[in-house]
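Numbering (full-length UniProt numbering), first residue to last: 1 to 604. Glycine included, each C-beta is placed from N, C-alpha and C at the ideal position. See below for the structure under consideration.
So this is what it looks like as structure tokens:
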């Protein structure tokens, strides 16, 4: 085996992270948090040839290996390595110990869940009999424990008061330990670290029961564990050689700790502080007469007068808060190094002060953010320009129809496509664009042209997507303009006719100025959509991501959708969507200012 300055270096992540064994004596102090994450402090004695740099190098290598064995689910981070006259102090942060593979086996879970799983409860009963059935693979060695009962290594659960229990009493469904909904259990099974003298586990709660040999209570929330000798069959694996198995006596840390979680002091302090602040504000408000002024104010009188309308509005307001504003808390994901095990709020903050995901969006090779932004803006811009003009033009044409029956019929026909789903529209489009038998190709062939492979030619798709979008939405978009036209005073048209103004002059000097307030609002909304994309249209019409058409149809929305199947891309996709929303908001605010400067009515 290769010689390294650090002879035995290993990260033994307890509770999600790490134990490190270098040449020389070592001890580990692990602080476990509520979710199985925490910090570990490894104290190492000095040995010749061991330096701070060599420790950091070996640790980073171990972290990478542990992440691969654990399918990338755990996160190990080296916080610091400090050197003193006596040795080294290594600080490590970790999360999710229960997912660590290859360096021991661990459980960290509620006791009620633990006893529901037979394989977990049998672990306690087997240890009571001295059975250590286990196979571990680490550092080119396979450790295979003999599963025969051996009283010399057996241990039973013992309460913190010294009372000995049986495994059955401890794990029974009706035991007092199972009844406590704050009861937690941590089990550990570690072998092969000969230089590790002790491990101290500290818990966020009061210890009730411990199991293990050479276990010592340290206060009411910590245990100190020293190794015991156990005979195992050790198989060494060398490249190009046959495996060799021998029996060997190795150091072993085995046991479990049951503890009752303490109250979350941080949450209590925050709630208490918020409560005190609210009480202080109420007291000051009463003393200064703020509430009396508010109650007697014009706005409050208006609300009391129209309380019925406000009550009718309340359900919609509640739904808006629940389904629109509450989900906005997920925006924090854009600033996180997301792990599906830790969740959005449990995941650690991303690097670069939380902006690493944004940096990755703009710089990581293969993301082609420039292409995504270009396609998004071009498609939205085409739909904005042509859709805006077509809606106004169609509304004006409707206004000149005199036959009411014909006018209503044409309007209904123009509105109908709006209520079709994009799935239906994509099916209709396929009838025209199909390579074999498509209507467009039949017309081209009729005039002697060659058939076009529409679904393989990206240069046509900006026009196709723009046309289908306008066809689907233009009729419905005319409603707001037709409503605005009805608000124009008919006397203005009568006066213009008397003065000899024709239809073009009436349109230019009366109709369009009458539409300006609505045009201004619609312009603001359209500017906000300039960086948005109709993902549902693109996804359905291109067949769910046609690789031939990516050059012109791949937009931000399609990339965000693809990230749903890749957990590692959640944070980056959220960052991409947030950037899109921020730019959209900036465009809306800018559009509002521009519209007001032009003399039209803005949003606010």
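- Below 8 Å, enough C-beta pairs join the segment 373-380 and the segment 526-546 to call them touching: three or more.
- Close CB contacts of residue 484 within its chain, under the 6 Å cut and outside five residues either way in sequence, are with 515, 518 (chain order).
- Residue 522 carries a helical assignment under DSSP once its states are collapsed to helix, strand and coil.
- Residue 350 is classed as buried because its beta carbon has at least 16 other beta carbons within 10 Å across all chains shown.
- Inter-residue distance for residue 500 and residue 311 is about 53 Å (C-alpha atoms, whole angstroms).
- Bridge partners of residue 534 according to DSSP: none are assigned.
- Burial state of residue 186 is buried, judged by a 10 Å Cβ sphere holding 16 or more other Cβ atoms.
- The Cβ atoms of residue 260 and residue 164 lie no closer than 8 Å to each other.
- Residue 325 carries a helical assignment under DSSP once its states are collapsed to helix, strand and coil.
- If you look at residue 263, you'll find it isn't in any alpha helix (DSSP H); DSSP assigns it neither H nor E.
- The beta carbons of residue 160 and residue 76 sit about 31 Å from each other, so the pair does not count as a contact at 8 Å.
- Separation of residue 402 and residue 409 (C-alpha to C-alpha, rounded to the nearest whole angstrom) is 12 Å.
- Within the segment 152-233, the runs of alpha helix (DSSP H) at least 4 residues long that lie entirely inside it are, in chain order, 167-171, 176-179.
- Contact annotation: the segment 381-395 touches the segment 476-483, with at least three C-beta pairs closer than 8 Å.
- In the three-state reduction of the DSSP assignment, residue 377 falls in the helix class, which pools H, G and I.
- Cβ atoms of residue 150 and residue 194 stay farther apart than 8 Å, at about 21 Å.
- A distance of 8 Å or more separates the beta carbons of residue 78 and residue 97.
- With 16 or more other Cβ atoms from the protein chains shown falling within 10 Å of its own Cβ, residue 131 counts as buried.
- The Cβ atoms of residue 472 and residue 425 sit closer than 8 Å to each other.
- When rounded, the separation of the alpha-carbon atoms in residue 55 and residue 172 is 45 Å.
- Inter-residue distance for residue 330 and residue 304 is about 36 Å (C-alpha atoms, whole angstroms).
- Taking C-alpha positions only, residue 452 is separated from residue 563 by approximately 32 Å.
- Looking at 433, 600, 502, the one whose alpha-carbon comes closest to that of residue 513 is 600.
- Counting along the chain, residue 496 sits inside the alpha helix (DSSP H) bounded by residues 490-498.
- Assignment of residue 77 by DSSP, reduced to helix, strand and coil, places it in the strand class.
- For residue 352, there is no enclosing beta strand (DSSP E), since its DSSP letter is neither H nor E.
- Each of 526, 208, 262, 220 was checked against the Cα of residue 33, and the nearest Cα belongs to 262.
- Counting C-beta pairs closer than 8 Å gives fewer than three between the segment 542-556 and the segment 332-350, which falls short of the contact rule.
- Between residue 212 and residue 256, the gap from beta carbon to beta carbon is short of 8 Å.
- For residue 453, there is no enclosing alpha helix (DSSP H), as DSSP marks it with neither H nor E.
- The secondary-structure analysis by DSSP pairs residue 299 with nothing; it has no beta-bridge partner.
- According to the DSSP secondary-structure assignment, residue 105 is paired through a beta bridge with 189.
- Per DSSP, the unbroken alpha helix (DSSP H) holding residue 442 starts and ends at 439-446.
- Residue 558 places its beta carbon less than 8 Å from that of residue 539.
- Annotated as distal: residue 429 and residue 319, with beta-carbon spacing of 8 Å or more.
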